[in-house]
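Counting from 1, one number per residue, gives the positions in the sequence shown under my numbering.
Yeah, the Cβ is synthetic: ideal placement off N, Cα and C, and Gly gets one too.
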Amino acid sequence: MTIWRQPPDSAAMERRFAGSLPGHFGIRILEIGPDFIRAEMPVDDRHIQPFGILHGGASVVLAETLGSMASNMTLPEGRMAVGLEVNANHISSVPKGETVSAVCRPFHLGRNTQVWQTEIHRADGRLACVSRLTTAVIDRRG
């Protein structure tokens, strides 16, 4: 059984990324399952800190992008999700030249708030980062 109220469309999601931060970062949606979104992001000059490894902020961009998109896909017409809080624990470094993969799943789907957890893994499968995004569910204006 799916949690999505809006039909999953990875191509449409990527079109929305164009011209915005997720597009600039090269985030690609790989799969939308019944209760998860899987994506990838390259680690290149756009994403590294001065020591040549993935910048923690880039990991948060990936996690918040997936959590925000997922949260909005679970809502009925006339409602929308907006970010309240995001946190991240950086577990292991990722060198420039790798591609990270991420899986975002719901932790809590409430009427007024949602919590989404994203795990980001290195190419060798090791956990690089775990992040949680809390969203507020509000009425869409206009």
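How about residue i and residue j: do their beta carbons lie closer than 9 Å?
i	j	result
Ser-101	Ile-120	yes
Ala-63	Ser-131	yes
Leu-127	Val-115	no
Val-43	Gly-97	yes
Ile-27	Met-41	yes
Thr-113	Val-86	no
Phe-17	Ala-58	no
Pro-95	Ile-53	yes
Taking DSSP's pairing of strands, which residues face residue i in a bridge?
i	result
Asp-139	Arg-79
Val-115	His-108, Thr-134
Met-41	Val-100
Ala-88	Ser-131
Leu-54	Ile-48
His-24	According to DSSP, His-24 bridges with nothing at all.
Pro-95	Ile-53
Work out the CA separation of residue j and residue i for me, nearest whole Å.
i	j	result
Ile-91	Gly-56	10 Å
Gln-6	Pro-34	12 Å
Cys-129	Leu-66	14 Å
Ala-39	Ala-11	12 Å
Arg-140	Ala-81	9 Å
Gly-142	Arg-79	11 Å
Thr-99	Arg-15	21 Å
What do you reckon, is the C-beta of residue i under 8 Å from a heavy atom of the ligand HEM?
i	result
Thr-118	No copy of the ligand HEM occurs in the structure displayed, which carries no ligand at all.
At a Cβ threshold of 9 Å, is residue i touching chain D?
i	result
Leu-62	Included in the structure is just one protein chain, with no chain D present.
Exercise for the section: State whether the segment 58-75 contacts the segment 104-113, with contact taken as three or more CB pairs (one from each stretch) at a distance under 8 Å. Expected result: yes
Problem - Validate contact between the segment 74-93 and the segment 30-48 using beta carbons, cut 8 Å, 3 pairs - result: no
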